[in-house]
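Trainee: Let me begin by handing over the structure; questions about it come next.
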Amino acid sequence: MGDQIQFIVEKLNQEPFRKNYNLISFDSLEPLQLLQLLSDVLGEIDPKHAVDIREELPEQTAKRMLNLLGILKYKPPGTVSDLSAFRQGLVTGSKTVIHPVLHWLLQRTSELRTRAYLARFLVKLEVPSEFLQDDTVADFNKQYEELMEAFKNLHKEHEQLKISGLSTAEIRRDISAMEEEKDQLAKRVERLKKRVETVQNHQRMLEIAGQLRLEKEREESLAQQKQEQKSQLFHAEQRLQRAQVQLKEMQHVVADSKPESLMKKLEEEINFNSYLVTEKIPREMESKKTSVYFLQKVVAEPAMTQADLTALENERDEVNAQMNQLIEKRMIKYEPTDSKFSMYRQQASIISRKKEAKAEELQAAKEEMSSLERQMEQKSSQAHELEGSEVLTEDEFKQYVSKLRSKNTFYKKKRQEIAEITAECGILQRTEELLRQRHEAIQQQLQAIEEKKGISGYSYTQEELERVSAVKSEMDEVKGQTLDNMSEMVKKLNAMVAEKKASLAPVIKELRQLRQNCQELTQDCDEKKIQYDSCAAGLETNRSALEQEVKGLLEECAQEESNYRYINCMKRSLEIQLQRAKEEMKAYMSPDPQERRRAVREQYTRIILEQENLGKKLREKQKVVRESHGPNMKQMKMWQDVEQLMKCKRECFLKQQNQAAIGQIIQEGGKDRLVL
């Protein structure tokens with residue numbers, strides 16, 4: 001755990017975070033600060049998550065982080081294996097949850113950044129299967145999947161180009177090396193030209209060498225064309241095999257799918273859907289509405305005390321007792337013949353319950369089948385992405401294994417032949433080396449003899465001429481063989497194409513017949529679909545009308561319920577007021593003076609008397625103030641005049657002091673001058 005925290009602190013102190021944490025400060029972070037730190041790290045991986053968590057609710061923060069961690073394929077450790085505990089720890093900012101997440105994110109930031117970028121384009125939107133039955137939605141979904149595949153291919157090419165790209169330094173080194181090789185080749189060409197100029201008919205030999213080079217290039221191009229045609233033939237055979245497999249599948253489907261079976265399946269599906277629409281779903285809706293109504297009623301009621309609960313329990317017991325009595329009376333009253341009807345009713349209720357259970361099981365099985373089909377499509381697409389081809393069936397896999405075994409035996413034979421050829425090649429190389437040594441010795445003796453006779457270079461020229469003539473004859477033979485091989489190969493290809501056409505002719509005829517049958521079945525299916533759509537539209541209009549009626553009734557019921565509650569509240573308030581009025585009358589009419597004092601009328605009478613006395617006192621005060629207002633105003637004016645007079649005296653006194661100080665300073669200055 002200490003190493004983990006130290007790693008997290010080191011990564012957070014680096015670019016681009018630069019948090020300047022140490023172990024103590026990081027360990028002392030509050031839960032909200034830890035959550036903000038985790039949000040910042042996630043924002044560095046995906047810029048959409050760079051938000052302030054104080055501006056969003058805790059549930060939104062946890063949901064956003066969990067979604068991104070799910071996209072990044074984070075798995076909680078063993079200590080937080082429970083997803084609810086992990087979610088709770090993420091909401092509360094628990095260190096045991098956030099520290100491992102930070103450690104995992106900071107270990108592979110660049111990889112997770114790429115994964116988050118790709119998730120924006122590669123997280124597939126799940127479209128319900130019933131929506132995909134619409135042609136427009138299906139076309140858009142197909143176009144969406146094609147664009148996703150194109151993006152995958154482009155991203156792969158981009159990554160390969162990034163990996164295979166050369167730096168400028170490497171390119172410069174390659175250019176300098178190529179320039180050096182160019183200079184060396186130019187020097188070699190000059191040396192060879194000088195050596196060739198001494199040989200007779202060197203122009204003719206150069207022309208023959210050029211023709212030889214052209215023929216070699218043609219041979220390489222023909223070999224390449226041959227390889228391309230072989231690959232095209234191989235791909236054509238693969239396409240033919242796939243078409244044959246598809247044809248077999250279509251034949252199997254057509255053989256199994258008769259119009260009667262299709263109609264039976266459609267009828268079963270229509271019956272099941274009509275049962276869901278007419279019986280199951282309305283019953284469930286009614287039960288949900290009643291439960292919601294009772295819950296709303298419970299919520300609207302005020303808080304109950306223990307006494308209210310006991311009263312309700314007593315009322316419930318009484319109602320149950322009454323129900324039991326009514327049931328006993330009904331059983332005594334009805335004749336025995338009604339027991340048969342009760343038995344039939346019980347059987348009908350049991351059958352209806354079984355029908356509901358089977359319908360729920362069928363619905364669950366359909367949902368499970370659709371989920372399994374989606375998983376199968378995902379697995380097949382993943383296998384297609386990994387292997388680059390479709391998943392093999394059992395027969396194809398057996399054929400592949402048999403081919404692999406035959407290729408393995410063929411490979412062992414060829415490897416043994418290669419080993420024998422390698423051993424023989426070693427012997428021949430040794431023989432060649434001995435012969436080359438003998439040839440060099442004889443060549444030296446021949447050159448010495450030619451120098452003695454004065455005809456040096458004669459043997460070299462003779463060998464060159466013989467070599468050129470031999471090369472020309474070999475090239476002519478190679479040309480002839482190449483043309484023969486090409487003509488034979490063309491004949492073989494034409495024969496193979498004719499054979500394939502002949503073998504495919506009956507298959508094509510059967511395919512045409514099957515296409516006609518498919519078109520007829522498609523027309524029938526379209527007609528049935530039109531009938532089904534019209535029936536579904538009628539049912540939909542009826543359902544909408546019923547929904548509108550139910551909605552109006554619910555609104556009316558809600559309005560009546562609100563009126564009932566309002567009237568009930570008014571009734572309660574009036575009852576409370578009436579009770580207070582009765583208590584007031586009882587207290588007012590009571591002979592006890594203490595009880596009478598607690599009456600509201602007596603209390604208000606006392607308050608009125610107190611307020612009247614207070615009013616009298618205030619009026620007397622007002623009268624006194626009015627009488628003394630004039631003298632008081634005169635006295636205040638006199639005090640203001642006195643205050644102003646004192647201010648004038650003070651100012652005059654201050655001026656007199658200032659003038660006396662100035663005169664004294666002037667006298668002292670005159671005395672100083674006389675002394676000087």
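In the UniProt record's numbering, the protein residues as written are 1 to 676. The C-beta atom is built at its ideal place from N, Cα and C for all residues, glycine as well. Note that the structure is a prediction, hence the values are computed from the model and not measured.
1. One question on the structure: do leucine 106 and lysine 11 come within less than 8 angstroms of each other, judged by their Cβ atoms?
2. Mind reading off the beta-carbon distance from leucine 44 to threonine 109? Whole number of angstroms is fine, and I expect it under 8 angstroms.
3. Would you report the Cα separation of valine 80 and phenylalanine 86, rounded to the nearest angstrom?
4. Less than 8 angstroms between the beta carbons of alanine 587 and glutamate 595, yes or no?
5. Rounded to whole angstroms, what is the Cα-Cα separation between aspartate 134 and asparagine 141?
6. Just to confirm the assignment, what range does the alpha helix (DSSP H) spanning lysine 617 have?
7. Determine the contact status of alanine 116 and isoleucine 71, defining contact as a CB-CB distance below 8 angstroms.
8. Kindly indicate which residue of Glu499, Phe653 and Pro47 has the alpha-carbon position closest to the one of glutamate 237.
9. First and last residue of the alpha helix (DSSP H) that includes arginine 108?
10. Report, in whole angstroms, the separation of the C-beta atoms of serine 129 and serine 370, which I expect to be a contact under 8 angstroms.
11. What do you get for tyrosine 144, buried or exposed, if any count of 16 or more other CB atoms within 10 angstroms of its CB means buried?
12. Alpha carbons only, please: which of Leu102, Cys425 and Arg64 is nearest the one belonging to valine 9?
13. Secondary structure at asparagine 201, three-state DSSP: helix, strand or coil?
14. Could you check what DSSP says for proline 259 in three-state terms: helix, strand or coil?
15. Quick check on glycine 70: does DSSP put it in helix, strand or coil?
16. Please report the straight-line C-alpha distance between leucine 326 and threonine 541, rounded to a whole angstrom.
17. DSSP three-state call for arginine 173: helix, strand or coil?
18. What is the rounded straight-line gap between the Cα of leucine 29 and the Cα of leucine 83?
19. Can you look up tyrosine 21 in the DSSP assignment and give me helix, strand or coil?
20. For leucine 125, name the three-state secondary structure that DSSP assigns.
21. So, isoleucine 208 versus valine 507, is the Cβ gap smaller than 8 angstroms?
22. With DSSP collapsed to three states, give me the class of glycine 93.
23. May I ask you to report which of helix, strand or coil DSSP gives serine 231?
24. Can you tell me the Cα-Cα spacing of arginine 239 and valine 401, whole angstroms?
25. Would you kindly check if the distance between the Cβ of leucine 32 and the Cβ of glycine 89 is under 8 angstroms?
26. In the DSSP assignment, the alpha helix (DSSP H) including isoleucine 53 goes from what residue to what residue?
27. Rounded to the nearest angstrom, what separates valine 51 and histidine 158 at their Cα positions?
28. Would you give the residue range spanned by the alpha helix (DSSP H) that valine 277 belongs to?
29. Need the endpoints of the alpha helix (DSSP H) that glutamate 15 sits in, please.
30. Tell me the rounded alpha-carbon separation between valine 189 and leucine 112.
31. State the DSSP-derived secondary structure class of methionine 638, mapped to helix, strand or coil.
32. Note down the Cα distance separating alanine 119 from asparagine 153, rounded to an integer number of angstroms.
33. Can you list the alpha helix (DSSP H) stretches of 4 or more residues lying completely in the stretch 129-163, in chain order?
34. Comparing C-alpha positions only, which one of Arg173, Leu521, Ser534 and Thr409 sits nearest to serine 261?
35. Indicate the three-state DSSP secondary structure (helix, strand or coil) for methionine 633 in the structure shown.
Mentor: With the given structure in hand:
1. yes
2. Residue 44 is actually glutamate in this sequence, not leucine. With 8 angstroms as the limit, glutamate 44 and threonine 109 qualify as a contact, their Cβ atoms being about 7 angstroms apart.
3. Note on valine 80: pLDDT 45, under 50, position unreliable in the model; the coordinate value appears next. One C-alpha to the other measures close to 6 angstroms.
4. Taking 8 angstroms as the cut-off, the Cβ atoms of alanine 587 and glutamate 595 count as close.
5. 11 angstroms
6. Membership of lysine 617 in the alpha helix (DSSP H) is indicated by the continuous run 600-627.
7. yes
8. Glu499
9. It is not in any alpha helix (DSSP H) - arginine 108 carries neither H nor E in the DSSP assignment.
10. 6 angstroms
11. So tyrosine 144 counts as exposed.
12. Leu102
13. coil
14. helix
15. helix
16. 43 angstroms
17. helix
18. Approximately 24 angstroms between the Cα atoms of the pair.
19. Tyrosine 21 falls in the coil class under three-state DSSP.
20. coil
21. no
22. coil
23. Note: serine 231 maps to helix in three-state DSSP.
24. Rounded to whole angstroms, the gap between the alpha carbons of arginine 239 and valine 401 is 20 angstroms.
25. no
26. Unbroken run through isoleucine 53: none, as it is neither H nor E.
27. 31 angstroms
28. Unbroken run through valine 277: none, as it is neither H nor E.
29. Careful: glutamate 15 lies outside any alpha helix (DSSP H) and carries neither H nor E.
30. Take the alpha-carbon of valine 189 and the one of leucine 112: they are about 57 angstroms apart.
31. In this structure, DSSP gives methionine 638 a helical state, which the three-state scheme calls helix.
32. Roughly 15 angstroms between the two C-alpha positions.
33. If we require 4 residues or more, the alpha helix (DSSP H) runs fully inside the stretch 129-163 come out as 129-132.
34. Leu521
35. In the structure shown, methionine 633 sits in a helix (DSSP, three-state: H, G or I).
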